[in-house]
Structure formats: structure tokens, C-alpha cells
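From first to last, the protein sequence lines are chains A and B.
In the numbering used here, each residue's number is its place in the first sequence (first place is 1) plus 23.
In the numbering used here, each residue's number is its place in the second sequence (first place is 1) plus 23.
What follows is a single structure, written as C-alpha cells, with notes after it.
2 protein chains.
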Amino acid sequence: MGNCSIKSLRNDDINKRKKKEAFFNQKSKVIWMTGLSSSGKTTIAKNLDKKLQEMGFFTQLFDGDFLRKNLNKDLDYSLEGREENIRRAAEISKMFLNAGIVVISSFISPTKKIRQLAKDIIGSDDFIEVYVNSSFETCESRDKKGIYEKARKGFIKNFTGIDSPYEVPENPDIEINTEEYSIETLVKELSDFIIPKISLCKANK
Amino acid sequence: MGNCSIKSLRNDDINKRKKKEAFFNQKSKVIWMTGLSSSGKTTIAKNLDKKLQEMGFFTQLFDGDFLRKNLNKDLDYSLEGREENIRRAAEISKMFLNAGIVVISSFISPTKKIRQLAKDIIGSDDFIEVYVNSSFETCESRDKKGIYEKARKGFIKNFTGIDSPYEVPENPDIEINTEEYSIETLVKELSDFIIPKISLCKANK
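Next comes the structure, spelled out in C-alpha cells:
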């Protein structure tokens with residue numbers, strides 16, 4: 024471990040986590056990406072994931088489309104369904120966190136209440152909120168999956184930004200603007216912000 | 024990787040899993056422990072977990088008591104609640120499996136239908152069913168948590184073995200009998216069975 028200092032351990036769970044973090048030579052955190060559909064959350068998340076892996080970090084990526092195909096396939100898109108979707112996403116993120124893994128979780132997570140729920144489950148010390156900012160108009164104009172069009176036509180109900188709210192985060196840990204900057208620039212900005220927080224021992228990276 | 028041969032990769036997910044398995048120098052599997060309450064499932068699971076970790080395997084342990092405190096705290100003990108409990112447990116086990124991790128999942132999982140559900144989600148190639156066999160009478164006489172007594176008095180409904188069924192596995196991958204043998208003997212028996220299945224490269228272990 025070289026010159027790394029490890030804080031005293033409070034209980035067995037933390038003990039296990041510290042051991043696993045030491046195995047990976049990293050501090051585990053949950054990087055929580057919030058933003059509108061088509062804001063670029065998952066694109067940024069995938070690129071960040073790739074970059075961190077190339078640097079030797081051990082990571083796990085989750086997004087809404089993935090979880091709704093398996094664990095959360097029983098849930099709808101009502102506010103209650105979204106809340107349960109996020110509750111489970113946060114619980115799983117926490118399990119990977121406790122396994123010493125750096126987690127990147129990309130979910131619209133549209134309301135302050137929902138994001139606070141995730142933060143409460145994960146723990147504020149381990150939760151890094153990333154607001155992926157892009158105007159509603161830009162997101163709709165991208166509409167890669169054709170879902171804004173379906174929502175406009177009423178085929179999708181409770182669509183964030185159309186007939187369901189998106190509350191802009193007031194104090195995200197970092198905000199990145201996908202309207203003004205390239206993916207490459209933003210991934211660099213985000214990784215520069217994240218890397219010091221997940222590095223266990225600077226000398227070893 | 025030495026002399027290890029890696030089969031051709033079918034898609035990105037498998038590619039990622041193979042890379043992660045190579046990182047850990049192990050093959051990920053889900054070791055699924057089924058048996059009555061107080062049969063010794065979780066005791067064996069914890070000891071197996073400890074032994075595998077000491078040998079250098081990277082593992083993750085789950086049990087019903089743990090999951091019902093967080094992800095599954097919304098579920099009851101009806102057959103429907105148990106099925107959903109196991110469905111989610113299997114989905115989470117699979118996520119850790121895909122992260123290259125050896126998972127030990129200890130759940131009563133009382134019916135054939137429920138265990139088949141878990142196996143279907145995880146995939147039969149990656150699912151190792153361990154039947155932790157101990158007679159109902161012995162389990163009740165152990166009753167470490169005092170729950171058999173509560174169930175007898177009617178304070179707990181749908182208790183496996185009292186007013187809810189336990190269907191004995193017909194073809195488990197391995198059966199261990201906690202009535203006749205010591206924990207130490209059984210953990211050795213089980214680990215001798217498991218280790219060849221999770222070793223990526225025998226020469227390196």
C-alpha cells in the first residue's frame with residue numbers, strides 16, 4: 024500500500040470494502056449521471072467507463088435501458104415506477120460500491136426527490152452527482168431512439184419533459200453541457216474531476 | 024494467460040465478462056445454496072466465501088436476510104413475494120457474474136419453480152445448485168433465530184416447512200448433509216467440487 028493511509032475501520036462491512044478497494048487499488052464511488060433523455064448521459068457514461076478501464080480502474084456501468092430489461096422489467100414509467108426503478112438502481116449501485124468497484128449509473132432520475140433517494144441509499148460521501156445538461160429542444164432534435172416523437176403522439180405516457188417533470192439539479196457535484204462541447208472534451212473534463220476522487224494512492228496510478 | 028485457452032467470443036457482453044474474468048484469473052459462476060431455514064446454508068456459504076477469498080478468488084456473498092434489508096425490503100413471504108425475491112436475487116447474481124465475480128447466493132428458494140427461475144435467469148452453464156440437506160426436525164431443533172418457534176405460534180406466516188412447502192431438489196449439482204458432517208468437512212467437500220469450476224488457469228492457482 025506504500026504511503027496510502029487507510030482510516031480506521033468501523034465495522035466488518037467497511038473492512039471488507041476497504042480490502043476490496045485495496046485489491047483494485049482504487050476508492051469506490053457511485054458516479055450518478057442525471058439528465059433528459061437524449062442529453063448524452065449514457066454516451067458520456069460509456070466513454071468515461073472506457074477511459075477509466077483503460078487507466079486500470081475496475082468499473083461497472085448501469086443505465087435505465089439495461090436495468091429495465093432484467094431486474095426492473097416489472098416497472099412502468101409512472102412517477103411511482105420511476106421511483107422504484109431508481110431505488111433498485113441505487114441499491115445495486117451500492118452493492119457494487121461495497122465490492123470496491125467504481126460504479127457509473129446513468130439514469131434520467133428526473134426529480135429532486137428521486138435523486139435524494141438514490142443519494143440517501145448510496146450515502147452522500149460516495150455519491151457524485153453529474154448533471155448532463157442539454158436543453159429540451161436539443162434533446163428532442165437529437166431523438167436518437169424516436170421516443171420524443173412517440174411521446175408527442177401520445178404513444179408514450181409520462182415522458183420526461185413532455186408530460187412528466189424534469190427538475191434541474193440545484194447543486195450537482197459537476198455539470199457538463201453536451202450542447203456546447205464535444206464528447207471528447209466533456210469526457211476529459213469529467214474524468215479530470217473524477218480521477219482524484221477514485222484514486223486510492225496517487226503514487227500508484 | 025499462459026496456456027489458458029479462451030473460447031471465441033459471441034458478443035460485447037461476453038467479451039467484457041471474459042476480460043473481467045481474466046483480470047481476476049477466475050471463471051465466474053453462481054453457487055446457489057438452497058435448503059431449509061437453519062439448515063446451515065449461510066454458515067457454509069460464509070465459510071466457503073472466506074476460503075475462496077483466502078485462495079485468491081474474488082467473490083460476492085448474498086443471502087436472503089441481507090437482500091430483504093435493502094433491495095427486497097418491499098417484499099413479503101407469500102409464494103409470490105418469495106418468487107420476486109428470488110427473481111431479483113438471480114438478476115443481481117447475474118450482474119456480478121457478468122462482472123467476472125464468483126457469486127455465492129444462499130436462499131431457501133423452496134420450490135422447483137423458483138430454483139428453475141433462478142437457473143433460467145443466470146443461465147444453466149453458470150448455475151451450480153448446492154442442496155444443503157438437513158432434516159426438518161434438526162433445523163427446527165437448531166432454530167438459532169427463534170423463528171421456528173414464532174412460526175409454530177402463528178406469528179410468522181408462510182414459513183417454509185411449516186405452512187409453506189420445501190421441495191427437495193431432484194438433481195442438485197452437489198448435496199451436502201449438515202446433519203452428519205462438520206462444517207469444516209463440508210466446506211472442504213464443497214470447495215473441492217467448486218474450485219475446478221472457477222479456476223481459469225490451473226497452473227496459476
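In this text, a Cβ means the ideal position worked out from N, Cα and C, and glycines have one as well.
Does chain B have any CB closer than 7 Å to the CB of residue i?
{"i": "A/L59", "result": "no"}
{"i": "A/A45", "result": "no"}
For residue i, which three-state DSSP category applies?
{"i": "A/T201", "result": "coil"}
{"i": "A/D86", "result": "strand"}
{"i": "B/T57", "result": "strand"}
{"i": "B/I127", "result": "strand"}
{"i": "B/S116", "result": "helix"}
{"i": "B/S214", "result": "helix"}
Would you give the residue range spanned by the beta strand (DSSP E) that residue i belongs to?
{"i": "B/Y12", "result": "With chain B covering only 24 through 228, there is no way to say anything about residue 12 of chain B."}
Which whole-angstrom value describes the C-beta separation of residue i and residue j, a residue pair presumed to lie in contact below a C-beta threshold of 8 Å?
{"i": "B/S60", "j": "B/T183", "result": "6 Å"}
{"i": "A/F80", "j": "A/I221", "result": "6 Å"}
{"i": "A/I137", "j": "A/I109", "result": "5 Å"}
Within a Cβ cutoff of 6 Å, which residues of the same chain sit near residue i, ignoring the five residues on either side of it in sequence?
{"i": "B/Y100", "result": "N181"}
{"i": "B/I124", "result": "S51, F81 and Q83"}
{"i": "B/K64", "result": "M56, G58, S129 and V155"}
{"i": "A/K43", "result": "A122 and G123"}
Sorted by chain position, which residues of the same chain lie with C-beta nearer than 7 Å to residue i's C-beta, five sequence neighbours on each side aside?
{"i": "B/L84", "result": "A68, K69, D72 and I127"}
{"i": "B/F159", "result": "L59 and G184"}
Using 7 Å as the limit for Cβ to Cβ distance, is residue i near chain A?
{"i": "B/Q49", "result": "no"}
{"i": "B/N93", "result": "yes"}
{"i": "B/E114", "result": "yes"}
{"i": "B/A68", "result": "no"}
{"i": "B/K52", "result": "no"}
{"i": "B/Q139", "result": "no"}
{"i": "B/A174", "result": "no"}
The alpha helix (DSSP H) that contains residue i, what's its start and end?
{"i": "A/S164", "result": "F159 to R165"}
{"i": "A/D143", "result": "K135 to I145"}
{"i": "B/A70", "result": "Looking at the sequence itself, residue 70 of chain B is Asn, so the reference to Ala does not match. K64 to E77 is the span of the alpha helix (DSSP H), which, as asked, contains B/N70."}
{"i": "A/Y171", "result": "I170 to R175"}
Spatial neighbours of residue i within its chain, please: C-beta separation below 8 Å, excluding the five flanking residues on both sides.
{"i": "A/L102", "result": "T134, N181 and S187"}
{"i": "B/D166", "result": "S61 and E172"}
{"i": "A/R40", "result": "S51, L120, N121, A122 and G123"}
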